[in-house]
Amino acid sequence: MSRNKRPEHFYDEKEAEKYTSNSHIIEIQTKLSERAIELLALPEEKNALILDIGCGSCLSGEVLTESGLSWVGIDISKAMLNVAKERECEGDLVLGDIGQFLPFRSGTFDGAISISAVQWLFNSETSSQNPIRRIRTFFASLYACLSRSSRAVLQIYPESSTQLDLLQTEAIRAGFTGGIVVDFPNSTRAKKYFMVLNVGVIRSLPQAMTGDEATGETVTMVEQRRQALNRLRETRKNGKCAKKSVAWIKHKKDLARRRGKDVAHDSKFTGRSRGPRF
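Following full-length UniProt numbering, the numbering of the sequence shown begins with 1 at its first residue and continues without gaps.
If you want it as structure tokens, here you go:
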């Protein structure tokens, strides 16, 4: 996946077909969808209407249908939605860009899920596509179209703690409460992040999944912001970082990410001097 490409350009007809026919992807998306529905914690007696954000070719929609839920899906990729139509999904499908707005009336949905879609908001192909502005618009319109006391569960793949901090900051700005549920935090392959966002009422976070070698984590958005501030204070407590030091470089990269710029990943080589050339 190109880090700069937007999903409507990445998922053309060929990629959409390949994605939907991949048995490994189907298995993962099904499990993630089942987990997201579990985290929604919907009342059993309620006939809920769910918004599927970034519904793609209807892999998550099929799980919603099998769970007895009515749903509406929105996706920016026309090719993916065409595949969903060919598969005769039962939900209504909407072509739209979640970074522009969610075109639904206030209080329409009893819950929302998103599987592996929200991180696409960080991608931009031109300088006019500001990720922070798009993320802010997304959370504001999501909050508006959810009913009071409802919940949204967004499964995400953040590239860094900075991205995670930004998502939580904008969710709080929009009015959400809640936090992050991390399943299997000590497992490189099984680790999964879920933003669990509440509307109107404060609800306790669901218990994270655990495994033989991993203990699940739940971190509220307030706690996450406090940790980010502590990291910033730690950097500044002895004055400004030495220019070109590792801390200085990481600080500059964090600032660039917050401004929506495309920044290379941090690694163990960040800030190290290069050896002499032959």
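Beta carbons are placed, not taken as given, at the ideal position from N, Cα and C, and that holds for glycine.
None of these values were measured; they are calculated from a predicted model.
key: Rounded separation between Asp92 and Arg189 - CA only   = 33 Å
message = Closest to Leu40 by C-alpha separation, out of Gln119, Pro103, Gly271, Val196, would be which residue?
response = Answer by Cα proximity: Val196.
message = Quick check on this structure: which residue in Asp110, Arg87, Glu45 has the alpha carbon closest to the alpha carbon of Ser150?
response = Asp110
message = Can you tell me which residues form a DSSP beta bridge with Pro71?
response = Going by the sequence as given, residue 71 is Trp instead of Pro. According to DSSP, Trp71 bridges with Ile50.
query = Per DSSP, what kind of secondary structure is Thr20 in: helix, strand or coil?
reply = Residue state for Thr20 is assigned as helix, using DSSP reduced to three classes.
request  = If I'm right that Leu121 touches Phe104 with Cβ under 8 Å, what's the distance once you round it to whole angstroms?
outcome  = About 18 Å; that fails the 8 Å criterion.
query = Mind checking whether Ala48 and Leu69 have CB atoms under 8 Å apart?
reply = yes
task = Go ahead and pull the three-state DSSP assignment for Met209.
result = coil
query = For Ala264, is the classification buried or exposed, using 16 other Cβ atoms within 10 angstroms of its Cβ as the cut-off for buried?
reply = exposed
inquiry  = In the DSSP output, what is Gln155 paired with across the bridge?
reply    = The secondary-structure analysis by DSSP pairs Gln155 across a beta bridge with Ile115, Phe194.
Neighbourhood of Gly54 by C-beta, 6 Å cutoff - its chain only, sequence neighbours within 5 removed = Hits under 6 Å: Asp75, Ser114, Ala117.
key: Rounded separation between Leu255 and Ala247 - CA only   = 12 Å
request  = Answer with buried or exposed for Asn123, where buried requires no fewer than 16 other C-beta atoms within 10 angstroms of its C-beta.
outcome  = Buried.
task = Leaving out five residues on either side along the sequence, give the residues of the same chain with a beta carbon under 7 Å from the beta carbon of Tyr143.
result = Ala174, Gly175, Phe176, Val199
query = Can you pull the DSSP bridge partners for Asp92?
reply = Val72
ask   = If you draw a straight line from the C-alpha of Glu213 to the C-alpha of Lys85, how long is it?
value = Below a pLDDT of 50, predicted positions are generally treated as unreliable, and Glu213, at 42, falls in that range; no measurement from the model is reported.
task = Could you tell me which residues DSSP pairs with Gly178 in its beta bridges?
result = Paired residue(s): Leu197.
inquiry  = On a Cα-Cα basis, can you pick out the residue from Glu170, Leu167, Gln155, Asp266 that is closest to Lys38?
reply    = Residue 38 is actually Glu in this sequence, not Lys. That would be Gln155, whose Cα lies nearest to the Cα of Glu38.
ask   = Under three-state DSSP, which class holds Asp262?
value = coil
key: Limits of the unbroken alpha helix (DSSP H) element including Gly61   = 59-66
message = Which residue wins for smallest C-alpha separation from Glu44, given the options Ala16, Lys191, Pro158, Ser67?
response = Ser67
Asn82, enclosing alpha helix (DSSP H) - first and last residue = 78-86
query = Gly107 and Ser141: beta carbons closer than 8 Å?
reply = Going by C-beta atoms, Gly107 is not nearer than 8 Å to Ser141.
key: Identity of the residues DSSP links to Asp183 by a beta bridge   = Lys192
request  = Put Ala214 into one of helix, strand or coil per three-state DSSP.
outcome  = In this prediction, Ala214 has a pLDDT of 42, which is less than 50 and means its spatial position is unreliable; nothing more can be read from the coordinates.
ask   = Whose CA, out of Ile180, Gly56, Lys14, Ser204, lies closest to the CA of Gly96?
value = Gly56
task = Can you grab the Cα-Cα spacing for the pair Ile249 / Ser161, in whole Å?
result = 16 Å
task = Pull up the distance between the alpha-carbon of Ala112 and that of Ile180, whole angstroms please.
result = 16 Å
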